[in-house]
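*Asks:* Following the working numbering, the numbering of the sequence shown begins with 1435 at its first residue and continues without gaps. Ideal placement from N, C-alpha and C gives every residue a C-beta, glycine not left out. If you're wondering where the values come from, they're calculated on a predicted model, not measured in any experiment.
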Amino acid sequence: MDGRDWSLFLQPYEQAVEELKVKFKTMRMELKLREAYAPIEFVTGRVKRVSSILEKARRLGVASDQLDTGIEDIAGIRIMCQFVDDIRRVAELIRNRKDLQLVYEKDYITNFKDSGYRSYHMIVKYPVQTALGSMDVLAEIQIRTLAMNFWATIEHSLHYKFKESLPDEVRIRLKKAAEAAFQLDTEMTSIRKEILDAQTEFEEQSNVVSRVLNGIQDLYFYHRIREAAQFQMKFNELFEHEDYAGLSGLAVDINQSIAKAKKHSTNE
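Spelled out as structure tokens, the structure:
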């Protein structure tokens, strides 16, 4: 067993994972504000376990004093997308970032593995600020669809159980499952517009409901009890009939009432 202080060794990697997660989540929010759609569904990250680092170093023949350069995925970020096309967009956005340096890429979507594994990998060099100064940390960014991630998670669990020696029957069934997952991604891409339209409509409906209810609460704040109660009754009626056009109009009326309430409050 390596006698180093592993907590100290892994600390920069933990810092890199946390910072990159925040940055990619922020990128998701900004894209959603700018374009009303973000190619990123969600972001996760992890630091490799010590046992996994040592096992991979043994398998690859990496010396113990070269772990920081020989093992490229000690810090790992996973970005999930809805559609295969989104993966290309996210990869391009990462290439254009100035706060990290792209080392190389592996396209396991076009050139998928024999097992059926599909994903897009980017190895990056990311600078973290430590107590002793700046330090470049290697990190692996995996970009994949939800279907690809589901399959890869199951495959990883089975490899762990069978110690890299999957029975032939399991291997064959996994490969068939990988093809099925890819067909699902292909089918979802073919109806992408319909899916996005439905998601946008749902979000708009949710937003108008929130605007109306928040507006009613604001009227209570300004002691417009009667108006608030009337608007609440109107909301209940419109919501019961799923009349979102009517709710949009109600939101406008409530905003006008709030503006009057604010003006009256200022003049008092």
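Runs of 3 residues minimum, wholly inside the segment 1497-1526: which ones carry the beta strand (DSSP E) assignment?
*Replies:* 1509-1515
*Asks:* Measure the alpha-carbon distance for Tyr-1471 versus Ile-1629 and round it to whole angstroms.
*Replies:* Numbered from its first residue, the sequence shown carries residue 1471 at position 37. Numbered from its first residue, the sequence shown carries residue 1629 at position 195. One Cα belongs to Tyr-1471, the other to Ile-1629, and the distance between them is close to 12 Å.
*Asks:* Would Val-1537 and Gln-1449 be called neighbours here (beta carbons separated by less than 8 Å)?
*Replies:* Numbered from 1 along the sequence shown, position 103 holds the residue referred to as residue 1537. Numbered from 1 along the sequence shown, position 15 holds the residue referred to as residue 1449. Contact: no.
*Asks:* For chain B, check one thing: does any of its Cβ atoms lie closer than 8 Å to the Cβ of Ile-1650?
*Replies:* Looking at the structure shown, chain B is missing, and only one protein chain is on hand.
*Asks:* If you scan the segment 1625-1678 from start to end, which runs of the beta strand (DSSP E) of 3 or more residues do you find wholly inside it?
*Replies:* none
*Asks:* Let me know if Val-1524 comes out buried or exposed under the rule of 16 or more other beta-carbons within 10 Å of its beta-carbon.
*Replies:* The sequence position of residue 1524 within the sequence shown is 90, counting from 1. Buried: at least 16 other Cβ atoms inside 10 Å.
*Asks:* Suppose you measure from the CA of Glu-1713 to the CA of Ser-1682; what does that come to, to the nearest Å?
*Replies:* What is shown of the chain runs 1435 to 1702, which leaves residue 1713 out entirely.
*Asks:* Return the CA-CA distance between Ser-1485 and Ser-1599, expressed in angstroms with no decimal places.
*Replies:* The sequence position of residue 1485 within the sequence shown is 51, counting from 1. The sequence position of residue 1599 within the sequence shown is 165, counting from 1. Cα-Cα distance, rounded: 19 Å.
*Asks:* Using only the alpha-carbon positions, how far apart do Asp-1533 and Tyr-1560 sit?
*Replies:* Position 99 of the sequence shown, counting from 1, holds the residue named residue 1533. Position 126 of the sequence shown, counting from 1, holds the residue named residue 1560. Straight-line Cα distance between these residues: approximately 7 Å.
*Asks:* Taking the C-alpha atoms as reference points, what is the distance between Leu-1442 and Ile-1588?
*Replies:* In the sequence shown, counting from the first residue as 1, residue 1442 sits at position 8. In the sequence shown, counting from the first residue as 1, residue 1588 sits at position 154. If I take the Cα positions, the gap works out to 32 Å.
*Asks:* In the DSSP assignment, find the alpha helix (DSSP H) that holds Thr-1460 and state where it starts and stops.
*Replies:* The sequence position of residue 1460 within the sequence shown is 26, counting from 1. Taken as a continuous stretch (DSSP letters only), the alpha helix (DSSP H) holding Thr-1460 covers 1440-1469.
*Asks:* At the level of alpha carbons, what is the spacing between Thr-1634 and Glu-1574?
*Replies:* As a working mapping, residue 1634 is identified with position 200 in the sequence shown. As a working mapping, residue 1574 is identified with position 140 in the sequence shown. Going from the Cα of Thr-1634 to the Cα of Glu-1574 covers about 32 Å.
*Asks:* Could you pull out every residue in the same chain whose Cβ sits closer than 7 Å to the Cβ of Lys-1703, ignoring the five residues on either side in sequence?
*Replies:* Outside the displayed range of the chain (1435 to 1702) lies residue 1703, so it cannot be described from this structure.
*Asks:* Measuring alpha carbon to alpha carbon, tell me which of Phe-1458, Leu-1572, Arg-1493, Val-1558 ends up nearest Ile-1508.
*Replies:* For this step, residue 1508 is matched to residue 74 along the sequence shown. Put simply, of Phe-1458, Leu-1572, Arg-1493, Val-1558 the residue whose alpha carbon is nearest the alpha carbon of Ile-1508 is Leu-1572.
*Asks:* Does DSSP classify Ser-1568 as helix, strand or coil?
*Replies:* The residue given as residue 1568 occupies position 134 in the sequence shown. Looking at Ser-1568 - three-state DSSP - the assignment turns out to be strand.
*Asks:* Helix or strand or just coil, what does DSSP make of Arg-1492?
*Replies:* Position 58 of the sequence shown holds residue 1492. In the structure shown, Arg-1492 sits in a helix (DSSP, three-state: H, G or I).
*Asks:* Can you give the beta carbon distance from Arg-1522 to Phe-1616, rounded, assuming they're within the 8 Å contact cut?
*Replies:* Start at 1 with the first residue of the sequence shown, and residue 1522 comes out as number 88. Start at 1 with the first residue of the sequence shown, and residue 1616 comes out as number 182. Not a contact, Cβ separation roughly 15 Å.
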